[in-house]
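Colleague: Before we start, here is the structure in question, set down as C-alpha cells.
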Amino acid sequence: MVVYIARRFLQLIPVMLGITLITFVLMNVVSGDPVMQMLDERQAGMDEATVTTLRKQWGLDEPLPVQYLRFVGNAVTGDLGRSYVSREKVTAAMMARFPATAKLGLTALLFGALVGVAAGTIAAAKRNSLFDVATMVAALAGISVPIFWLGLLMMYLFAVKWKLLPPSGYGDGQLKYLIMPAFALSAGITAVIARITRSSMLGVIRSEYVQTARSKGLSEAKVIFKHALRNALIPVVTIFGVQLGGVLSGAVITETVFNWPGIGRLLVDSIGKRDLPVVQGVVIFFALIFAMVNLAVDVAYAWVDPRIRYQ
Amino acid sequence: MSALAKMNAKREETSVGGRSLHAAAWRRLRRMPAPMAGLTILLIMAMIAILAPLLTPYHPIKDANVMNSLTAPGNQFLLGSDHAGRDVLSRLIYGARISLTVGLVVQGIAVLVGTTLGLLAGYFGGWVDDVITGLTTVLQAFPGLLFAIAVMSVLGPGLYNVFLALGLVGWPTVSRLVRGEVLALREREFVQGAHALGANHTRVMWKHLLPNCMGPIIVVVTMGIASAILSEASLSFLGLGTQPPQPSWGAMLAGGRDSIWEAPWLTVYPGIAIFMTILALNLLGDGLRDALDPRLK
Chain A
90 MVVYIARRFL QLIPVMLGIT LITFVLMNVV SGDPVMQMLD ERQAGMDEAT
140 VTTLRKQWGL DEPLPVQYLR FVGNAVTGDL GRSYVSREKV TAAMMARFPA
190 TAKLGLTALL FGALVGVAAG TIAAAKRNSL FDVATMVAAL AGISVPIFWL
240 GLLMMYLFAV KWKLLPPSGY GDGQLKYLIM PAFALSAGIT AVIARITRSS
290 MLGVIRSEYV QTARSKGLSE AKVIFKHALR NALIPVVTIF GVQLGGVLSG
340 AVITETVFNW PGIGRLLVDS IGKRDLPVVQ GVVIFFALIF AMVNLAVDVA
390 YAWVDPRIRY Q
Chain B
1062 MSALAKMNAK REETSVGGRS LHAAAWRRLR RMPAPMAGLT ILLIMAMIAI
1112 LAPLLTPYHP IKDANVMNSL TAPGNQFLLG SDHAGRDVLS RLIYGARISL
1162 TVGLVVQGIA VLVGTTLGLL AGYFGGWVDD VITGLTTVLQ AFPGLLFAIA
1212 VMSVLGPGLY NVFLALGLVG WPTVSRLVRG EVLALREREF VQGAHALGAN
1262 HTRVMWKHLL PNCMGPIIVV VTMGIASAIL SEASLSFLGL GTQPPQPSWG
1312 AMLAGGRDSI WEAPWLTVYP GIAIFMTILA LNLLGDGLRD ALDPRLK
C-alpha cells in the first residue's frame, strides 16, 4: 500500500509540471508581451529605458525557458509571483479568499454525496416506483440545468419574490447566505452521483452474494445498506474525483452569480483586469487541488479494492 | 482463401448474425420514448435554426429601439424585449444557430483531432502512445471548464476563440476513448486478417479499426455537444465567450442578470432554451448508449 501511494504520488510530478508548463506558455507566450500589456493599460507613453528597467526588475528579460524554470522553482516554495494590479502576492490573494471557496465547495460536495447516494440507493431498491421515476427525472434535470440559470432562478424566487433569503453576498458568513449558492453548485454532482449509485446498485442487487444475504432472511434494509451499498459505492467514489472538476469550475460561475468572495470570483475579476499572474496562479492552484483529490480518491479506491494496487 | 478471410473479416467487423450493428441499434433506439423525444426536440431546434430568418418577427440585432426598452411579454413582443428594445424571441431563435454551431464545430474539432491521435496512440503504442497519452493526461488534469476559461482569458472573447478553446478541451476525451477501443481491437483476428492481406497501417486504422469504434464515439460526441453548448453559454455568461450584440443564449442571460427584478423574462427564456437543448441531448445520449451497448443496461 505504501509503495502504491508513493508511486501514485510520483506520477503527480510530471502532471503538475505539464500543467504549469501549459499555463505558463498560455499566459506568457500566447498572450504576448506581459510588460507591454501592463504598460498599455496603465502608464501609456512610458519611455524605453523605464520599460527595460521594469523588464529586468521582473525578470522578463531572460529567455523563456529560464523564466519557466524560475517560475516552477518559486511555485514549489509557494511563491506564484505578484499581481500586476495590486502588487499583492498571488498566494496571499488566493489564501484570503480560499476559506469562502472551501466552505461553498465542501458544502456542495457533502450535500451531493449524501443526497445523491441516498436518492440513488432508494431509487434502485424501489425500481420503477414513483420515487425512482421522480428521482431519475430530477437527476436528468440536474445534469442538464446551467448552474448560472438555476442560481438566478432561485435568486428571483427566494430572494426577490418571496424574500426568504438574501439575494447574494457573503454577509458575516451566516448560513442563510450559503444556502442558494451551495444548492446551485451541488445540483450537477448530486444528479450524477444519484444516477451512478442507482445503476451500480442495480448491478449489485442482482449479484449472488446479495441473493444469499436475502435468503438468509435478512431484512431488505439490512441487505441494501449493509451488504449491497458498500460494493455499489466503488464506482461512485471514482466518479466523485472526476466530478470535483465540475465543482471547481462550477464554483467560478456560482461565485460570479452570487457575488461570493471566493477564488473563482478572484479569477473572473482578474481576467477582467488582465491580471495574468493571478489568473495563472488560480488555474494552477485549482488544478493542484483537483490532482490531490484524485490522488486521494485513487488511494481510497486501492484501499477498498486491493486488486488495483497490484496492477 | 484470401476471399474467405476477407469476407470473414468484413462480417465480424460490421455485423452480428447478418444484421448490421448500427441498424440493430437504431431499431432499439426507435422503441425508446425518451431518446426519441430528445431527438425530436433537436430536429425541431435544428429546423428553427435553419429557418430563422423566415420565423423571426424582428431582426435579432438591427431592430433595436430604445423606446421599446424592457417591454414585458405581450402582443408586440411575444417574449418581451431587452434593454435595447430588441425582440427576445427573435434573438432566442438566432441564438439557436450559435449554440448548435458551437456544439457541432467544437465536437467536429474534437472528433477530428481526438480520433486521429487516439488511433495513432492505440495502434502504434510505444513513444507515440506515451506522448499522446501524456498530453491527454495533462489536459484532463485541468478541472472542467477551467482550461477553457484560461485559454479564453488569453485569446480574448469571440466565437472563433470559443471553437478553439472548447475544441482543445474536448479532444482528449475522444482520444482516450478511441485509444482504449483500439487497444482492445488491435489483436483481434479481423485486424490480423487485414494485415495478412497486405493492408497498410493507414488502411487498417481508418478502414478496419475506426468503424468498430463508432458506437462509443457517437455516444461521447452526443454528450460532448451538450457539454460544448453548456460551456459556451457559461463562457458567454462570464463575459469570455460570444460577445454582445450577438444573440448567444449565455450572453443574453448575463445581460438580463442585473434586471432580474424588473425584467425576469430576460433571464428565464434564454435559460429555458439552454436547458431544453442540453436535456434533449442528454436524453438522446442516454438512449444511444443503451441502444449501442445493450450490455450496459
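Residue numbers (the working numbering), protein chains in the order written: chain A, 90 to 400; chain B, 1062 to 1358. All C-beta atoms, glycine included, are put in the ideal place defined by N, C-alpha and C.
Buried or exposed, going by whether 16 or more other CB atoms sit within 10 Å of the CB of A/L253?
Modeller: Here the question's residue 253 of chain A lines up with position 164 in the first sequence. Burial call: exposed.
Colleague: To which residues of the same chain is A/G201 closer than 6 Å at the C-beta, ignoring the five residues directly before and after it?
Modeller: Residue numbering aside, residue 201 of chain A sits at position 112 when the first sequence is read from its first letter. If we look at A/G201 and ignore the five residues flanking it on each side, its Cβ neighbours are S275, I278, T279, I282.
Colleague: Buried or exposed: which applies to B/G1205, given that a residue is buried once 16 or more other Cβ atoms fall within 10 Å of its Cβ?
Modeller: As a position in the second sequence, residue 1205 of chain B is number 144, starting the count at 1. Classification for B/G1205: buried.
Colleague: With a cut-off of 8 Å, does the C-beta of A/L242 fall near any C-beta of chain B?
Modeller: By 1-based counting over the first sequence, the position of residue 242 of chain A is 153. Closer than 8 Å to some Cβ of chain B, the Cβ of A/L242 qualifies, so yes.
Colleague: Can you check which of these residues, A/S359, A/M381, A/P395, A/K305, is closest to A/E177 by C-alpha distance?
Modeller: For the purposes of this step, residue 177 of chain A is identified with residue 88 of the first sequence, where counting begins at 1. It is A/S359.
Colleague: Give the single residue among B/L1116, B/L1112, B/D1148 whose Cα lies nearest to the Cα of B/V1127.
Modeller: The residue labelled residue 1127 of chain B in the question sits at position 66 within the second sequence. Answer by Cα proximity: B/D1148.
Colleague: Please list the terminal residues of the continuous alpha helix (DSSP H) segment that includes A/I108.
Modeller: Residue mapping note: residue 108 of chain A aligns to position 19 of the first sequence, counting from 1. Where A/I108 is concerned, the enclosing alpha helix (DSSP H) stretches over 91 to 114.
Colleague: Check the C-beta distance from B/K1218 over to B/G1311 and give it rounded, since I have them as a contact under 8 Å.
Modeller: Here the question's residue 1218 of chain B lines up with position 157 in the second sequence. Here the question's residue 1311 of chain B lines up with position 250 in the second sequence. The residue you asked about is not Lys; residue 1218 of chain B is Pro in the sequence shown. No, B/P1218 and B/G1311 are not in contact; Cβ-Cβ is about 11 Å, not under 8 Å.
Colleague: If you draw a straight line from the C-alpha of A/P256 to the C-alpha of A/L365, how long is it?
Modeller: Taking the first sequence and counting its residues from 1, the one referred to as residue 256 of chain A is at position 167. Taking the first sequence and counting its residues from 1, the one referred to as residue 365 of chain A is at position 276. Separation of A/P256 and A/L365 (C-alpha to C-alpha, rounded to the nearest whole angstrom) is 31 Å.
Colleague: Who are the neighbours of A/S120 on chain B, taking C-beta pairs under 7 Å?
Modeller: Within the first sequence, numbered from 1, the residue matching residue 120 of chain A stands at position 31. Ordered by position in chain B, the residues that pass the 7 Å Cβ test against A/S120 are V1215.
Colleague: Distance, Cα to Cα, B/M1062 vs B/N1273?
Modeller: Within the second sequence, the letter at position 1 stands for residue 1062 of chain B. Within the second sequence, the letter at position 212 stands for residue 1273 of chain B. Low local confidence applies: a pLDDT of 42 at B/M1062 is under 50, so the model's placement there is unreliable, and no value is given.
Colleague: Give the DSSP-derived three-state secondary structure of A/K215 in the structure shown.
Modeller: Counting from one through the first sequence, the residue named residue 215 of chain A turns up at place 126. Reduced to three states, the DSSP call for A/K215 is coil.
Colleague: What is the C-beta distance between A/R186 and A/I352, in whole angstroms, given that I count them as a contact (C-beta under 8 Å)?
Modeller: Residue numbering aside, residue 186 of chain A sits at position 97 when the first sequence is read from its first letter. Residue numbering aside, residue 352 of chain A sits at position 263 when the first sequence is read from its first letter. About 5 Å separates the two Cβ atoms, so the contact holds.
Colleague: Compare the Cα-Cα distances from A/V118 to each of A/T139, A/A213, A/Q156 and report the closest residue.
Modeller: On the first sequence, position 29 is the one that residue 118 of chain A refers to. Per the Cα distances, A/Q156.
Colleague: Report back the beta-carbon spacing between B/L1314 and B/T1328 to the nearest angstrom; my notes put them in contact at under 8 Å.
Modeller: Position 253 of the second sequence, counted from the start, is the residue given in the question as residue 1314 of chain B. Position 267 of the second sequence, counted from the start, is the residue given in the question as residue 1328 of chain B. At roughly 6 Å, the Cβ-Cβ gap stays under 8 Å, so B/L1314 and B/T1328 are in contact.
Colleague: Can you pull out the residues from the stretch 339 to 370 of chain A whose beta carbon lies closer than 9 Å to at least one beta carbon of chain B?
Modeller: G339, V341, I342, T345, V346, L356, V357, S359, I360, G361, R363, L365, V368, Q369
Colleague: Are there 16 or more other CB atoms within 10 angstroms of the CB of A/V92, so buried, or fewer, so exposed?
Modeller: For the purposes of this step, residue 92 of chain A is identified with residue 3 of the first sequence, where counting begins at 1. Classification for A/V92: exposed.
Colleague: Along chain A, in chain order, which residues have C-beta atoms closer than 9 Å to that of B/W1232?
Modeller: The residue labelled residue 1232 of chain B in the question sits at position 171 within the second sequence. The contacting residues do not exist; B/W1232 stays about 14 Å from chain A at best.
Colleague: Quick check on B/L1353: does DSSP put it in helix, strand or coil?
Modeller: For the purposes of this step, residue 1353 of chain B is taken as the residue at position 292 of the second sequence. Here B/L1353 sits in helix by DSSP.
Colleague: Taking B/E1293 as part of the alpha helix (DSSP H), name the residues at either end of that continuous run.
Modeller: For the purposes of this step, residue 1293 of chain B is taken as the residue at position 232 of the second sequence. Segment 1271 to 1298, the alpha helix (DSSP H) holding B/E1293.
Colleague: Starting from B/T1197 and walking both ways along the alpha helix (DSSP H), at which residues does that stretch end?
Modeller: Within the second sequence, the letter at position 136 stands for residue 1197 of chain B. Taken as a continuous stretch (DSSP letters only), the alpha helix (DSSP H) holding B/T1197 covers 1187 to 1201.
Colleague: Does chain A have any CB closer than 8 Å to the CB of B/S1081?
Modeller: Taking the second sequence and counting its residues from 1, the one referred to as residue 1081 of chain B is at position 20. Not an interface residue.
Colleague: Does the stretch 1321 to 1335 of chain B come close enough to the stretch 225 to 243 of chain A that 3 or more CB-CB pairs lie under 8 Å?
Modeller: yes
Colleague: Thinking just about the alpha-carbon of each residue, which of B/P1233, B/A1098, B/R1318 is nearest to the one in B/T1176?
Modeller: In the second sequence, the residue the question calls residue 1176 of chain B occupies position 115. The option with the nearest alpha carbon to B/T1176 is B/P1233.
Colleague: Please report the straight-line C-alpha distance between A/G148 and A/A391, rounded to a whole angstrom.
Modeller: Working through the first sequence from its first residue, we reach residue 148 of chain A at position 59. Working through the first sequence from its first residue, we reach residue 391 of chain A at position 302. So the alpha carbons of these two residues sit roughly 44 Å apart.
Colleague: Is the separation between the beta-carbon of A/V249 and that of B/I1321 shorter than 8 Å?
Modeller: As a first step, residue 249 of chain A must be located in the first sequence, where it is residue number 160. As a first step, residue 1321 of chain B must be located in the second sequence, where it is residue number 260. In contact: A/V249 and B/I1321 (Cβ atoms closer than 8 Å).
Colleague: Based on Cα-Cα distance, which residue from A/L384, A/Q369, A/V386 lies nearest to A/V161?
Modeller: Numbered from 1 along the first sequence, position 72 holds the residue referred to as residue 161 of chain A. For A/V161, the nearest C-alpha among the options comes from A/Q369.
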